């Protein structure tokens, strides 16, 4: 059984090496055929375009009758991928696994997942919430992550801001920093409140200010906190 598993894995690795057209690559980790790193480019016409994504692959003892274990090494902003751990929510890695699937076809499915997020069955609930509330803002953040973590080229307009990284518009952040609140705290608070897209109209500015006030106080022009005591 172990020999059959080894032969199959070696055959699948070789198949990827021969097929240059797919742009799917698989390499062994420390010459271990059962611990691999797969990789593929971000799909065209998505926020992930131009990025290069690495996947940690562990071949279980029961392979191919037991699902291969995969997770993203490269950080990716996507509803079906954990922003923290790289864990993936995809049915073929769980109950829909089939022995006819190969390492290459599974990696291609992950690549396709970047094209077609499933926010109603998320791995990362906060990212899914962002996707559903403001697609434009979500895409901007996903692009920024692709540039930051997956080596995607920067846009001609330059590097995105810390607000965009958090999925927020610069105008929303500036609205509160102009009141004297600390930028980092504003971004963290607005992100927590999901202050994005249509949801902005549901959150009163005074409510946000009251949340910010005890946390950071107001900042004078010299940059000194003037907390009330």
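Numbering (our numbering), first residue to last: 46 to 274.
For each residue, glycine too, the CB sits at the ideal point set by N, CA and C.
Here the structure is a predicted model, which means the values were calculated and not measured.
Exposed unless 16 or more other CB atoms sit within 10 angstroms - verdict on residue i
i	result
residue 124	buried
residue 175	buried
residue 199	exposed
residue 52	exposed
residue 149	buried
residue 140	exposed
Cβ-Cβ distance between residue i and residue j below 7 Å
i	j	result
residue 195	residue 96	yes
residue 232	residue 218	yes
residue 98	residue 119	yes
residue 130	residue 169	no
residue 71	residue 58	yes
residue 178	residue 244	yes
residue 158	residue 88	no
Extent of the continuous beta strand (DSSP E) to which residue i belongs
i	result
residue 102	97–103
Residue i in three-state terms, based on DSSP
i	result
residue 175	helix
residue 251	helix
residue 65	coil
Contact set for residue i: own chain, Cβ-Cβ below 8 Å, skip 5 residues either direction
i	result
residue 203	With a pLDDT of 47 at residue 203, under the threshold of 50, the predicted position of this residue should be treated as unreliable, though the coordinate-derived value follows. Same-chain partners within the cutoff: there are none.
residue 166	125 and 134
Residue i at chain B interface by Cβ criterion, 7 Å
i	result
residue 211	Looking at the structure shown, chain B is missing, and only one protein chain is on hand.
Delimiting residues of the alpha helix (DSSP H) encompassing residue i
i	result
residue 148	148–160
residue 220	215–222
Spatial neighbours of residue i in its chain, beta-carbon cut-off 6 Å, leaving aside the 5 residues before and after
i	result
residue 197	95, 96 and 191
Nonlocal neighbours in the same chain, by C-beta distance under 7 Å from residue i, ignoring five residues either side
i	result
residue 156	85 and 88
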